[in-house]
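The opening position of the sequence shown corresponds to residue 7 in the numbering used here, with each subsequent residue numbered one higher.
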Amino acid sequence: MKSYLLVADVLGFSNIVSNLHPNHLSRRMATWLHIVEETSREMEIKDIQLVSDTIFVREVVSEDGLQRLFQFSKLLLQRGMQNSFPIRGAITFGELTWGKLIYGEAVIEAYNLERSLDWIGIACGKLPDVPWSWDLACYYLVPKKGNEKATFSVAIPWPILEIETKDFRGKWTSGGLLKNKEDITWASYSKLFNTLLFFKYARQCMEENLQPNKFNSEVYEKLYLT
């Protein structure tokens, strides 16, 4: 049956596993599990599967279901980054078989879209409905890797009010994501830059009372060049 699907991963998860002492790693994994379980419980998510760092969430076609899925995604992004679990994901809509084996066109689309993104965040494929608001969904030139086609997509705004911009890099490099004194790569830095640019874009558009379902190129270009 056709459903909404979220597929999301923790960026740098293999580094966390490789870099940490087993005792520290077990505490980190307990934190990760707690974030997923607490957020799904609060948002009353019923269909969810967690396999290592990969999350699958299904919601049926309903206004309430879509709202829950977007709110869950936003909270997951916020709480994940607050605990140095940077998350990248995609929400799609399509045929989906849900059970011990999850498969269908929605899974393939979500997987491909998630892998193409060059930021910390969640973007969407084509959806039959969108809960437009600066709290849940906006239209954006979602950053993708170099060889990917530049396209506009629905994105989930998730400014982290508790984390100052100057501390954001620290969250990205702590908790086992990087080894001590290891230099950050350009590939990682581009994700940070693209994510912070999105934060600034959403905040500026909100301050100017612009519509979330339209991309404002003037705001984007001004922020990009400053």
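Cβ atoms here follow ideal geometry from the backbone N, Cα and C, with glycine treated the same way.
Only a predicted model underlies this, so the values are computations on that prediction, with no experimental measurement involved.
Does the Cβ of residue i have 16 or more other Cβ atoms within 10 Å, making it buried, or fewer, making it exposed?
| i | result |
| --- | --- |
| aspartate 59 | buried |
| tyrosine 109 | exposed |
| threonine 45 | buried |
| proline 256 | This structure leaves residue 256 out entirely; the chain is present only between 7 and 232. |
| glycine 105 | exposed |
| methionine 49 | buried |
| serine 68 | exposed |
| lysine 150 | buried |
My understanding is that residue i touches residue j, with C-beta atoms under 8 Å, so please give their C-beta distance in whole angstroms.
| i | j | result |
| --- | --- | --- |
| tryptophan 38 | phenylalanine 91 | 6 Å |
Within the same chain, show all residues whose beta-carbon is closer than 8 Å to that of residue i, passing over the 5 residues directly before and after it, in chain order.
| i | result |
| --- | --- |
| leucine 216 | Asn222, Val225 |
| lysine 155 | none |
| serine 139 | Pro218 |
Enumerate in chain order the residues of its own chain whose CB-to-CB distance from residue i is below 7 Å, with the five nearest sequence positions on each side excluded.
| i | result |
| --- | --- |
| leucine 183 | Gly18, Asn21, Ile22, Ser90 |
| glutamate 111 | Gly100, Glu101 |
| tyrosine 4 | Absent from the structure is residue 4, since the part of the chain shown begins at 7 and ends at 232. |
| glutamate 168 | Residue placement at glutamate 168 is poorly supported in this model, since its pLDDT is 49, which falls under 50; the coordinates still yield a value, given next. Excluding positions up to five away in sequence, the list reads Gln88. |
List the residues that DSSP assigns as beta-bridge partners of residue i.
| i | result |
| --- | --- |
| cysteine 130 | Ile97 |
| tyrosine 109 | Thr103 |
| tyrosine 10 | Glu65, Phe99 |
Please list, in chain order, all residues of the same chain as residue i whose beta carbon is under 6 Å from its beta carbon, the five residues on each side excluded.
| i | result |
| --- | --- |
| lysine 80 | Ile162, Trp164 |
| lysine 185 | Asn25 |
| lysine 206 | Leu229 |
Please list the segments of the alpha helix (DSSP H) lying wholly inside the stretch 137 to 203, counting only runs of 4 or more residues, in order along the chain.
Within the stretch 137 to 203, the complete alpha helix (DSSP H) runs of at least 4 residues fall at 171 to 179.
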